[in-house]
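Student:
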Amino acid sequence: MMSDTFSRTEIIGLVVRLTLVSAVTFLSIKWLMNQVDPTNKSKKKAKKRAQEQLRRLAGSGNTPLSVDKLSDYEMMIAAHLVHPEDILVTWEDIAGLQGLVQELRETVILPIQRKDLFTDSQLTQPPKGVLLHGPPGCGKTLIAKATAKEAGTRFINLDVSILTDKWYGESQKLAAAVFTLAVKLQPCIVFIDEIDSFLRMRNSTDHEATAMMKAQFMSFWDGLSTDSSCTVIIMGATNRPQDLDRAILRRMPATFHVPMPNAPQRLQILQLILENEPVSSEVNLTTLSKSTDGFSGSDLRELCRNASVYRVRDYMRNVPANEEACISNRNAMTDSEDEFHDALRPITMDDLVKSLNKMKESKMHCGSLPVPRLDLD
Ligand SMILES: Nc1ncnc2c1ncn2[C@@H]1O[C@H](COP(=O)(O)OP(=O)(O)OP(=O)(O)O)[C@@H](O)[C@H]1O
Ligand SMILES: [Mg+2]
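Numbered according to UniProt numbering, the sequence shown spans residues 1 to 377.
(1) According to DSSP, is M364 part of a helix, a strand, or is it coil?
(2) Please find out if some non-hydrogen atom of ligand 2 comes closer than 8 Å to the beta-carbon of D193.
(3) Run the proximity test for A254: is its beta-carbon closer than 8 Å to any non-hydrogen atom belonging to ligand 2?
(4) At the level of alpha carbons, what is the spacing between V309 and V258?
(5) Identify whether N357 lies in helix, strand or coil by the three-state DSSP scheme.
(6) Quick check on DSSP: helix, strand or coil for D245?
(7) What's the call for V312, buried or exposed, on a 16-neighbour Cβ count within 10 Å?
(8) Are Q242 and L97 closer than 9 Å when you measure CB to CB?
(9) Indicate whether V232 and Q172 have their beta-carbon atoms separated by less than 9 Å.
(10) What does DSSP give as the partner residue(s) for I347 in the beta ladder?
(11) Which residue wins for smallest C-alpha separation from P111, given the options P126, I143, L369?
(12) Return yes when the C-beta of A146 is under 8 Å from any heavy atom of ligand 2, and no when it is not.
(13) What number of angstroms, rounded off, separates the C-alpha of F220 from the C-alpha of P370?
(14) Let's test the definition: count the other Cβ atoms within 10 Å of the Cβ of E114 and tell me whether it reaches 16, buried, or not, exposed.
(15) Put N62 into one of helix, strand or coil per three-state DSSP.
(16) May I ask whether a heavy atom of ligand 1 can be found less than 8 Å away from the beta carbon of P135?
(17) If contact is defined by three or more beta carbon pairs under 8 Å, each pair taking one atom from either stretch, is the stretch 136-156 in contact with the stretch 77-97?
(18) So is the beta-carbon of K140 under 8 Å away from any non-hydrogen atom of ligand 2?
(19) Using alpha carbons as the reference points, say which of L356, M260, I156 lies closest to G134.
(20) Could you please give the first and the last residue of the uninterrupted alpha helix (DSSP H) stretch that includes F295?
(21) From G139 to L163, what does the alpha carbon distance come to, in whole angstroms?
(22) Start and end of the alpha helix (DSSP H) containing D72?
(23) If you reduce the DSSP assignment to three classes, tell me which class S204 lands in.
(24) So if DSSP puts D193 in a beta bridge, which residue, or which two residues, is it bridged to?
(25) Buried or exposed: where does S161 fall if 16 or more other Cβ atoms within 10 Å of its Cβ makes it buried?
(26) Locate the alpha helix (DSSP H) running through G99, then write down its first and last residues.
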């Protein structure tokens, strides 16, 4: 007789088949999602890099680091951890800003390094936010790099583009992870270069997700201020402080203006740039520093680089073609390299003035230097 109810074996078979189909569907969808997600590869790379950086940091410094308890989002942020050994900039590479550097060291770095000296008063706690602002090319990023090298704290160089994820809600989770990770790694400095691009004035045209991320960032930041024992500092750099949200400016009470260098500062920068370069004895850097009004540190570097190229160009013009071939054949040998360097003349005042005039002309065309007024009478 045919039974209208299922037998036990049939029910078990059905359950097994259903489970199998669900598992296969789940795995296929997961695989498909990974394929569709263009950031999947970079996420994997970020995780690998984070693990590597955390491992290196765990082996250095005096604060123990527990690596295993990080979420996926924290791992993404941890990929931006900077190991001091990877940075080549020190305080000695910054010229003409001794006062500012000293103040920065006393307000930001010392309270972290010598916490014991600052525990008796609430007022001596390091600020939770530090802003470096000033015209382009005057050393803001340079100062941040030196801080990362010398502070002896964990340093996250946050690339804000990773906070903008296409999936709704992911950006907020990443923004939160910045703070939770920094707290886990403390003492820690989170550096956001060109902070105006990310935390600019909020307005009604902001996308909802962006507005929420900014709000979350600020509320987590406030969380840092309420816990006085927490040593996490958000450090930002911008050349457009006027574009920053007022609420962000309030959260960065320690502001440092990195100005356009004046003549004595320019002299110090020039001396530093040309310190290890072959410079002719007739070069007068004081005169040069006086005639470079409106030049930033980065412009001065470019000026010297240009001047240095002139001597190579001169050499190449004077060398007969056959000799040139000889030199290129012997290029790999260090002896011939020495000969080549010996044959090059040092940088002369002429080179520097030629380079200065060229740069001045180009700056006037770009509008970054005023065109000199002609006296017609
Ligand atoms: N005070 C300085 N001493 C020595 N070098 C300097 C100084 N200021 C600038 N420079 C040179 O200029 C380069 C650019 O500086 P930096 O990247 O710090 O500028 P910035 O202020 O961050 O500019 P931006 O606002 O455009 O990001 C440095 O790598 C360095 O070579
Ligand atoms: Mg910069």
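No residue lacks a Cβ here, since even glycine has one placed at the ideal position from N, Cα and C.
Tutor: Once the coordinates are examined:
(1) Reduced to three states, the DSSP call for M364 is helix.
(2) Answer for D193: yes, Cβ within range of ligand 2.
(3) Not under cutoff, so the answer is no.
(4) Rounded to the nearest whole angstrom, the C-alpha separation of V309 and V258 is 29 Å.
(5) Helix at N357.
(6) Three-state DSSP puts D245 in coil, outside helix and strand.
(7) Counting other Cβ atoms within 10 Å of its Cβ, V312 stays below 16 and is therefore classed as exposed.
(8) No. Outside cutoff.
(9) Remark: C-beta atoms of V232 and Q172 do not approach each other more closely than 9 Å.
(10) In the DSSP output, where bridge partners are listed per residue, I347 has V279.
(11) Nearest C-alpha to P111: P126.
(12) No, Cβ of A146 sits at least 8 Å from all heavy atoms of ligand 2.
(13) Approximately 45 Å, taken between the alpha carbons.
(14) At residue 114 the sequence reads Arg, which differs from the Glu that was named. R114 comes out exposed.
(15) Legend: pLDDT at N62 = 49, less than 50; position of this residue unreliable, value from coordinates given subsequently. Residue state for N62 is assigned as coil, using DSSP reduced to three classes.
(16) True, at least one ligand heavy atom lies under 8 Å from that Cβ.
(17) Contact between the stretch 77-97 and the stretch 136-156 is established, with three or more Cβ pairs separated by less than 8 Å.
(18) True, at least one ligand heavy atom lies under 8 Å from that Cβ.
(19) When only C-alpha atoms are compared, the closest one is M260.
(20) From DSSP, F295 is part of no alpha helix (DSSP H); its letter is neither H nor E.
(21) Approximately 26 Å, taken between the alpha carbons.
(22) 72-78 is the span of the alpha helix (DSSP H), which, as asked, contains D72.
(23) Of the three classes helix, strand and coil, the one that applies to S204 here is coil, per DSSP.
(24) Answer is A237.
(25) Exposed, since its Cβ has fewer than 16 Cβ neighbours within 10 Å.
(26) Per DSSP, the continuous alpha helix (DSSP H) segment holding G99 begins and ends at 98-104.
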